[in-house]
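Heads up: the structure comes next, in structure tokens.
In the UniProt record's numbering, the protein residues as written are 1 to 176.
Printed below as a string of structure tokens:
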């Protein structure tokens, strides 16, 4: 059996070119925003001329690329592709749509975490003193609980030692 390969028609070629253009534009915007904000708020280089945060940005980009090939992402795209093919549709751009949706959720969560961190930082000063007292109390109670357990073990050891000294235990019993 030979499978007949259906080539892209003229409209699909234009859609593919547009998708590649969107991906390229997103990369340019992303790297441009990194360079702009890094230069504006941190200075693009340190005193020796080394790029600041470039390693962190490269690592984040690389880990994001690796994350794109996680099994759950591939299977979601594959299942949807198979479903659309069964329905007689061409799943052109499905992966791009998935990645744009996924990255939008991740971006939104990142912004939410940033706002939550700022809010927590504002409240931190008011709760620092109370938190210090609570932390000390919790640590103290925990240490007293450990001391009580150690005291109970010590009492058992002293009782066994006295009984052994009085001859009420065989040496084999003490080994257990």
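Backbone N, C-alpha and C define an ideal beta-carbon position, used for all residues, glycine too.
Every value quoted in this text rests on a predicted model; they were computed, and no experiment measured them.
Annotation for residue 70: no alpha helix (DSSP H) segment contains it, and DSSP assigns it neither H nor E. Within the same chain, Cβ atoms closer than 7 Å to the Cβ of residue 85 are found at 91, the five residues on either side in sequence being excluded. For residue 77 against residue 98, the beta-carbon gap comes to about 5 Å, under 8 Å, which counts as contact. Sequence-distant partners of residue 81 (beyond 5 residues in either direction) whose C-beta falls short of 7 Å from its own C-beta, in its chain, are 91 and 94.
Between residue 38 and residue 52, the CB-CB gap stays under 8 Å. The alpha-carbon of residue 164 is positioned some 42 Å away from that of residue 136. Judged by DSSP in its simplified three-state form, residue 170 adopts coil rather than helix or strand.
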